[in-house]
Amino acid sequence: MAELSLKIGSQAVLESRDLQKLFDVLRAKGYRLIGPTVRNSVITYDELTSVEELPVGWTDVQEGAAYRLKKVGGKAFFNYGIGPDSLKRFLYPPLVRLWRARRKGDGFKPVEETEAPPKYAFIGVRPCDLHAVAIHDRVFLSGEYADPSYALRREKIFVVAVNCAKAGNTCFCVSMNTGPKATVGFDLALTEILEGERHYFVVEVGSEAGAAVLREVPCREAGEDEKAAAERVVTETAE
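The working numbering puts the first residue of the sequence shown at 68, with every later residue one more than the last.
Here is the structure:
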């Protein structure tokens, strides 16, 4: 089979059964996978190794000052709104070692820091979270006082966004132009589609790194009907 021609903006079809292959390719490239999973009665970001750890069959119910999970069954991997967690604790952790030293006589000798920050691949990132990361970038990477620790973590990440097929009752992305479709800040963006017995993703390429990863995953070029189905998902979510 000829290699699929992929570039930024290309759209491909990934069957749901091959989502694990995407996980495997990213792990083989040295990434630690961070994605949504059920922990302590919430959907939160945690380290993943398998698609079986995704919140399949779960959704969330959100109202003002209220959040709960609801078991609805079905095959959808990403049938929920934005949860109470974010990427900030991975990209800007609350505890970071700035320097270290060894005693030397009455003084000390600085020791070079050799521990590299983790190389993260974030799975299932929502469009509003991508806009939040962009704000972090402006704060921590711009100007005279850029944060080198944040920069090291930020430059290593790979982002697999997921366009929203469900909006929470407290969501406001349409009014802020931050969703429900990912437009910036991703390497790959998935739109999950269930049509009868068929379950697949339309994948948009957002970077050269994303194209390189997708070439190693079983997929094919998206047809016009499949592209239209993906567009309907986000259009209906925004209404």
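Using N, Cα and C, we set each Cβ at its ideal position, and we do this for glycine too.
Only a predicted model underlies this, so the values are computations on that prediction, with no experimental measurement involved.
From the DSSP output, read off the bridge partner residues of Y134. Here residue 134 refers to the residue found at position 67 of the sequence shown. Residue pairing by DSSP puts Y134 in a beta bridge opposite Q129.
Just verifying my parser: in three-state terms, what is the DSSP assignment at R84? For the purposes of this step, residue 84 is taken as the residue at position 17 of the sequence shown. Residue state, collapsed to three classes: helix.
Rounded to the nearest angstrom, how far is the Cβ of A188 from that of A228, given a contact under 8 Å? As a first step, residue 188 is located in the sequence shown; it is residue number 121 there, counting from the start. As a first step, residue 228 is located in the sequence shown; it is residue number 161 there, counting from the start. Contact doesn't hold; Cβ gap of about 12 Å is too wide.
For R99, which residues of its own chain have a beta-carbon under 8 Å away from its beta-carbon, when the five flanking residues on both sides are left out? For the purposes of this step, residue 99 is taken as the residue at position 32 of the sequence shown. Taking C-beta separations shorter than 8 Å and ignoring five residues to either side along the sequence, the partners of R99 in its chain run E114, P185, K186, Y187, A188, following chain order.
Going by beta carbon distance, what residues of the same chain come within less than 8 Å of A278, once the five residues before and after it are set aside? On the sequence shown, position 211 is the one that residue 278 refers to. Closer than 8 Å at Cβ, skipping near neighbours: L73, K74, I75, S77, V272.
Whole angstroms are fine: how far does the CA of K138 sit from the CA of K155? Working through the sequence shown from its first residue, we reach residue 155 at position 88. Working through the sequence shown from its first residue, we reach residue 138 at position 71. Whole-angstrom Cα-Cα distance: 28 Å.
Using 10 angstroms around the beta-carbon of D127, count the other beta-carbons present and answer buried if the total reaches 16, otherwise exposed. Taking the first residue of the sequence shown as position 1, residue 127 is located at position 60. Under this definition D127 is a buried residue.
By DSSP, does A199 sit in helix, in strand, or in coil? The count along the sequence shown starts at 1 and reaches residue 199 at position 132. A199 sits in a helix when the DSSP states are folded into three classes.
Inter-residue Cα distance where the pair is A143 and A249: Residue numbering aside, residue 143 sits at position 76 when the sequence shown is read from its first letter. Residue numbering aside, residue 249 sits at position 182 when the sequence shown is read from its first letter. A straight line joining the alpha-carbon of A143 with that of A249 spans about 19 Å.
Would T104 be called buried (16 or more neighbouring beta carbons within 10 Å of its own) or exposed? Numbered from 1 along the sequence shown, position 37 holds the residue referred to as residue 104. Residue environment: T104 is assigned as buried (16 or more neighbouring CB atoms within 10 Å of its CB, all protein chains considered).
For Y159 and Y217, what's the separation of their Cα atoms in angstroms? Along the sequence shown, one-based indexing puts residue 159 at 92. Along the sequence shown, one-based indexing puts residue 217 at 150. Rounded to the nearest whole angstrom, the CA to CA distance from Y159 to Y217 is 6 Å.
Would you say the segment 201–218 touches the segment 158–172, given that touching needs at least three Cβ pairs under 8 Å? Verdict: yes, contact present.
CB-CB under 8 Å to S117, same chain, minus the five flanking residues each way: which ones, in chain order? Locating residue 117 in the sequence shown gives position 50, counting from the first residue. Same-chain partners within the cutoff: Q87, F90.
Give the range of the beta strand (DSSP E) segment to which K176 is assigned. Residue mapping note: residue 176 aligns to position 109 of the sequence shown, counting from 1. Its beta strand (DSSP E) spans residues 174–178.
For the putative contact between F268 and E259, defined by C-beta atoms under 8 Å, what is the C-beta separation to the nearest angstrom? What you label residue 268 is simply residue 201 of the sequence shown in a count that begins at 1. What you label residue 259 is simply residue 192 of the sequence shown in a count that begins at 1. Right, the Cβ-Cβ distance comes to about 6 Å (below 8 Å), so this counts as a contact.
Cβ separation of K233 and G148, assumed to be a contact under 8 Å, to the nearest whole Å: By 1-based counting over the sequence shown, the position of residue 233 is 166. By 1-based counting over the sequence shown, the position of residue 148 is 81. About 6 Å separates the two Cβ atoms, so the contact holds.
As assigned by DSSP and simplified to three states, the class of G277: By one-based count along the sequence shown, residue 277 stands at place 210. Residue state, collapsed to three classes: helix.
With DSSP run on the structure shown, which of helix, strand or coil describes T258? Position 191 of the sequence shown, counted from the start, is the residue given in the question as residue 258. In the structure shown, T258 sits in a strand (DSSP, three-state: E or B).
To the nearest angstrom, how far is the alpha carbon of G246 from that of F225? One-based indexing of the sequence shown puts residue 246 at position 179. One-based indexing of the sequence shown puts residue 225 at position 158. Cα-Cα distance, rounded: 20 Å.
Cβ shell of R106 (< 8 Å), same chain only, five flanking positions each side left out: Residue 106 sits at position 39 when you count from the first residue of the sequence shown. By the criterion of a C-beta distance shorter than 8 Å, R106 is surrounded in its chain by D113, once the five residues flanking it on both sides are discounted.
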